[in-house]
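Q:
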Amino acid sequence: MSRRPSGPDRLPCGTELGALIDQVADGVEGDLAHQAICPWCQGALAELERLWALAAELAAERVEVPERIHAVALGRIQRAIFLGRVLDLFAGLLPRLGWAFLTYTGLRGVAR
Amino acid sequence: MLGDEADAEDATQDAFVHAWRSLAAFRSDAAFSTWMYRIVTNRCLNLLRARRRTEPLPASREAPASRPDRIVEARWQVEDLKVAIADLSPEQRAAFVLRELEGLSYQEIADALELSVPAVKSRLHRARLEVLAAMRGWRQ
Numbered sequence: 001m002s003r004r005p006s007g008p009d010r011l012p013c014g015t016e017l018g019a020l021i022d023q024v025a026d027g028v029e030g031d032l033a034h035q036a037i038c039p040w041c042q043g044a045l046a047e048l049e050r051l052w053a054l055a056a057e058l059a060a061e062r063v064e065v066p067e068r069i070h071a072v073a074l075g076r077i078q079r080a081i082f083l084g085r086v087l088d089l090f091a092g093l094l095p096r097l098g099w100a101f102l103t104y105t106g107l108r109g110v111a112r
Numbered sequence: 113m114l115g116d117e118a119d120a121e122d123a124t125q126d127a128f129v130h131a132w133r134s135l136a137a138f139r140s141d142a143a144f145s146t147w148m149y150r151i152v153t154n155r156c157l158n159l160l161r162a163r164r165r166t167e168p169l170p171a172s173r174e175a176p177a178s179r180p181d182r183i184v185e186a187r188w189q190v191e192d193l194k195v196a197i198a199d200l201s202p203e204q205r206a207a208f209v210l211r212e213l214e215g216l217s218y219q220e221i222a223d224a225l226e227l228s229v230p231a232v233k234s235r236l237h238r239a240r241l242e243v244l245a246a247m248r249g250w251r252q
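Residue numbers (my numbering), protein chains in the order written: chain A, 1 to 112; chain B, 113 to 252.
1) So, is Glu212/B buried or exposed, given that buried needs 16 or more other C-beta atoms within 10 angstroms?
2) If you draw a straight line from the C-alpha of Ser54/A to the C-alpha of Asp192/B, how long is it?
3) Mapping DSSP to helix, strand and coil, what is Glu16/A?
4) Any Cβ of chain B within less than 8 Å of the Cβ of Gly18/A?
5) Since Gln125/B meets chain A, which of its residues come closer than 8 Å, beta carbon to beta carbon?
6) By the DSSP assignment, the alpha helix (DSSP H) with Ser134/B in it spans what residues?
7) Does the contact criterion of 3 or more C-beta pairs under 8 Å hold for the segment 197-214 of chain B versus the segment 223-243 of chain B?
8) Between Trp40/A and Leu11/A, how many whole angstroms is the CB-CB distance? I'm expecting something under 8 Å.
9) At what residue ranges does the segment 33-67 of chain A contain a whole run of the beta strand (DSSP E), taking only runs of 3 or more?
10) Using only CA atoms, which one of Met148/B, Arg150/B, Cys156/B and Thr146/B lies nearest to Asp122/B?
11) With distance defined between alpha-carbon atoms, name the residue in Ile21/A, Glu16/A, Glu67/A and Leu58/A nearest to Gln125/B.
12) Look at the Cβ atom of Asp26/A, then the Cβ atom of Glu16/A, and state whether they are nearer than 8 Å.
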């Protein structure tokens, strides 16, 4: 088998490493006839399959969610709801309070 | 995604609160899970970008010769993979984690990251090459 110029992303046989990654990671069809006789492709595929098996192992790791996350998030939401209600209350009351203030201090008439 | 339990808790809490506040903006034409992925990923990216310059280098690895058996070796390789993922840029890491660990489709990742599918493919391609290069470098 002739050797072609290779770089970090290309094997000595000329195959793009990205194509082999797509084959292993995404199931994209590869050049099976070439791979059957190419030691570089076989080596790279074996390496990629090992790496993707590790990724599958990592993906399967169970992540325990701390119970307090729910409590803290709900607490923050409840505080936000409470704050929103208080702000709504004041937003509704403010014009009336202002009107009352101006009226009872006699400023309303002056303002007119 | 964050590689730190405390940060993950913060991001999760922030995401839940943000989701609750933004619930009115949720469009039912998108999947709720994708919408949540977008919120959570954005919180994670914000945290990663904020700590990018102050993050310490990953802990140095023990020499392979000192590892006692194959089970430990396999466990170490998974840990190596975690470090390789942690070394990716936040943007590449998000694409890699959503695809390889969460199993999202390219379209779902594009929706979550608010990118086009070709942009996701390009980002993921670079991320995969970098992870591969890191894992190769450690084996040599």
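Glycine residues also receive a C-beta, built at the ideal position from the N, C-alpha and C atoms. Since the model is a prediction, treat every value here as computed from it, not as a measurement.
A: Straight from the coordinates:
1) buried
2) Here residue 54/A turns out to be Leu, not Ser, going by the sequence shown. Their Cα atoms are separated by approximately 10 Å.
3) strand
4) Gly18/A counts as touching chain B.
5) Ile69, Val72, Ala73 and Arg76
6) Glu117 to Ser134 is the extent of the alpha helix (DSSP H) around Ser134/B.
7) yes
8) 4 Å
9) none
10) In terms of CA proximity to Asp122/B, Cys156/B leads the group Met148/B, Arg150/B, Cys156/B and Thr146/B.
11) Here the closest residue by C-alpha is Glu67/A.
12) no
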